[in-house]
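Novice: One structure coming up, written as structure tokens, with questions to follow.
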Amino acid sequence: MESLVDDRARPARERVDVSGVGSLAAAERRIREAFRDSSLPAVTVMVAGRPVGVVTRRSLRAAEGTAGEVGAGEHLDPLGDSARYRLLVFTCRSCDVTAHRVHYDPRDLPRCAHGRMELRR
Ligand SMILES: [Zn+2]
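For the sequence shown, the working numbering assigns the number 4 to the initial residue and increments by one for each residue that follows.
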């Protein structure tokens with residue numbers, strides 16, 4: 004399962020901070036909990052005080068609709084190819100700096116004093 008971000012959604016007033024969670028699955032659980040007990044339409048996901056994306060009820064449902072179709076889900080997304088991004092974590096080999104992205108853009112990788120950072124698998 005991947006963390007869901009709707010990149011067409013406007014920033015939401017409600018925020019969920021996923022800084023420090025141990026895994027992507029844990030981050031997703033925290034996001035789902037935010038939707039459980041309210042009628043809020045969307046939340047802005049924060050990491051280390053920075054917004055990394057907006058999750059909407061719609062994008063959350065889309066995630067559930069394709070759950071389990073690992074590897075085959077990408078082109079089945081009824082909302083188009085841009086609705087879904089993973090929360091990516093980048094690290095440096097030489098220091099303990101980390102950075103987060105919701106897009107993987109090879110032309111714009113996060114950098115630290117040691118140069119380009121690497122995607123943590
Ligand atoms: Zn570094």
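We treat Cβ as the ideally placed atom computed from N, Cα and C, and that holds for glycine.
Small disclaimer: the values here were computed from a predicted structure and weren't measured.
Count the other CB atoms within 10 Å of the CB of Ala-37; is the residue buried (16 or more) or exposed (fewer)?
Specialist: buried
Novice: Between the C-alpha atoms of Leu-122 and Gly-56, what's the straight-line distance to the nearest angstrom?
Specialist: 18 angstroms
Novice: Could you pull out every residue in the same chain whose Cβ sits closer than 6 angstroms to the Cβ of Ala-45, ignoring the five residues on either side in sequence?
Specialist: Ala-12, Ala-15, Val-57 and Thr-59
Novice: Please report how far the alpha carbon of Glu-17 lies from the alpha carbon of Gly-52, in whole angstroms.
Specialist: 14 angstroms
Novice: In terms of alpha-carbon separation, which member of Asp-10, Asp-111 and Val-105 lies closest to Val-27?
Specialist: The question names Val, yet the displayed sequence has Leu at residue 27. For the residues Asp-10, Asp-111 and Val-105, the minimum Cα distance to Leu-27 belongs to Val-105.
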